[in-house]
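Down below is the structure, laid out as structure tokens.
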Amino acid sequence: MPNILIFQIILPLFAPLADLFMLFSLISGLFSLSEVNGISWTGLAGLFSLHNGFGQVMFYYFLFVFVDIFFAGIAFRMEGEKMKNLIYLFPQRFFWRQLMYFVLFKSVRKAIKGELNTWGTLKRTGECGR
Numbered sequence: 002m003p004n005i006l007i008f009q010i011i012l013p014l015f016a017p018l019a020d021l022f023m024l025f026s027l028i029s030g031l032f033s034l035s036e037v038n039g040i041s042w043t044g045l046a047g048l049f050s051l052h053n054g055f056g057q058v059m060f061y062y063f064l065f066v067f068v069d070i071f072f073a074g075i076a077f078r079m080e081g082e083k084m085k086n087l088i089y090l091f092p093q094r095f096f097w098r099q100l101m102y103f104v105l106f107k108s109v110r111k112a113i114k115g116e117l118n119t120w121g122t123l124k125r126t127g128e129c130g131r
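Read in the numbering used here, the sequence shown has 95 at position 94, and its numbers run on one by one without any break.
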């Protein structure tokens with residue numbers, strides 16, 4: 002039970018903060034470097050340098066995406082899936098996480114209020130076979 006509490010509820014509750022901090026560090030790093038170097042080809046080359054925070058964050062993020070796609074490709078090959086479906090992995094990392102944040106916060110709010118969360122009921126009309 003502690004495993005579920007920690008990894009399925011507590012850590013995902015703080016995950017939006019990690020996304021917010023990453024976004025903040027990227028934006029602040031981008032503005033601080035553009036003020037120092039100016040917007041030029043030299044400035045853009047220095048922007049992605051591993052000697053500043055912005056370049057380091059981008060390097061490790063793209064490394065994560067590469068490793069993620071690499072191992073997903075291995076899984077796709079083992080399952081016999083089409084490799085062209087790997088292109089959906091990158092946008093899924095953005096939109097699926099936001100959807101899961103919404104579902105988690107909604108579930109925690111209902112749990113705190115003491116409400117049951119059900120699938121809902123479907124009104125049966127009997128007109129499906131016609």
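Here a beta-carbon is modelled for each residue, glycine too, at the ideal position from N, C-alpha and C.
Here the structure is a predicted model, which is why all the values come from computation and not from measurement.
Item, Value
"Distance between Q9 and F103 (C-alpha atoms, nearest Å)", "14 Å"
"Selection from I70, M101 and E80 that minimises the alpha carbon distance to Y89", "I70"
"Nearest-angstrom Cα separation, counted from L100 out to E80", "26 Å"
"Expected contact under 8 Å - CB spacing of F65 and L31 to nearest Å", "The Cβ separation is near 19 Å, so there is no contact."
"Integer Cβ distance of L27 from V58, believed to fall under 8 Å", "6 Å"
"Distance CB(L105)-CB(L14) smaller than 8 Å", "yes"
"Coarse secondary structure for L123, derived from DSSP in three states", "coil"
"8 Å Cβ cutoff, V66 in contact with chain B", "The structure shown contains no chain B, having only a single protein chain."
"Where K111 sits in the DSSP three-state scheme", "helix"
"Backbone CA spacing between S29 and L21 [nearest angstrom]", "12 Å"
"Beta carbon of F77 nearer than 8 Å to that of M84", "yes"
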